[in-house]
Structure formats: structure tokens, C-alpha cells
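Undergrad: Residue numbers in the sequence shown follow this note's numbering, run continuously in steps of one, and reach 145 at the last position. All C-beta atoms, glycine included, are put in the ideal place defined by N, C-alpha and C.
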Amino acid sequence: MAADQDKQFLEFVAKAIVAHPDDVKVDRTVDERGVLLTLDINAEDMGYIIGRRGQTAQAIRTLLKIVGAKNNARVNLKINEPEGSQRPVKSAPAETEIDTSSVDDLKI
């Protein structure tokens, strides 16, 4: 079996999903924790790869784990956020003051 079968699989799936298949790039690195596949795509294709509520990305990760298990390797996927992607940036929740006056004099 080819050592980079997981990389080829990810390239195939990503190119089939996105609108700009020529922009799909997969880097494969191996370390003591296993295989890390890093996916780079066109900014306009981020929604296609992530999917609604992350379901497409989760499905791709699940399939990659199966491909990796066949080859006795732990495979992880990192999706690089491209410059100018359409995803709204989540702001950190504002620190709100919590009213603890009702328990200030509590005796335990």
C-alpha cells in the first residue's frame, strides 16, 4: 500500500467538493503522534469543506481515520483558514458581572 494513500484520498475528496479544485493543496507530515494532513483551499471554498455546522469536515475526518486505520496510522486533518475567507469572526464573549449578592452572607 502507498504510504501517502491518505493524502491522495483527501486530495480526491476535496477536489470533488470545491468549486476551485486547482487551488487544493495537501501537505503531509509524519511525527511521533501520527500523520498530519494540512489542507489549503481557495477562500471561497471554505464553506464547501466545512459544511453546515462542520458536518462535512467531520465526515472527511472520520473517513481519513478509517483510511489511516487500514494502514496502522493515526491521521489528523488541519484545515488552514485562507486569507479572505467568508466565515464571520467570532468575538470573545463580553465579561459580564455576576450578581453574587444573594450568597454573600451564606454560612456553610
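Can you give me the Cβ contacts of V112 inside the same chain, cut-off strictly under 7 Å, excluding the 5 residues immediately before and after it?
TA: D43, G71, V72, L74, L101, K102, V104, G105
Undergrad: Assign F49 to one of two classes, buried (16 or more other C-beta atoms within 10 Å of its C-beta) or exposed (fewer than that).
TA: exposed
Undergrad: Do A51 and I78 come within 8 Å of each other at the CB atom, strictly closer than that value?
TA: yes
Undergrad: Which whole runs of the beta strand (DSSP E) in the stretch 85-119 are 3 residues long or more, in chain order?
TA: 112-116
Undergrad: Based on DSSP bridge pairs, tell me the residues matched to V63.
TA: L76
Undergrad: Consult DSSP for Q42 and reduce its assignment to one of helix, strand or coil.
TA: helix
Undergrad: Go ahead and label V67 buried or exposed: buried means 16 or more other beta carbons lie within 10 angstroms of its beta carbon, across all protein chains shown.
TA: By the Cβ neighbour-count rule, V67 is exposed, with fewer than 16 other Cβ atoms within 10 Å of its own.
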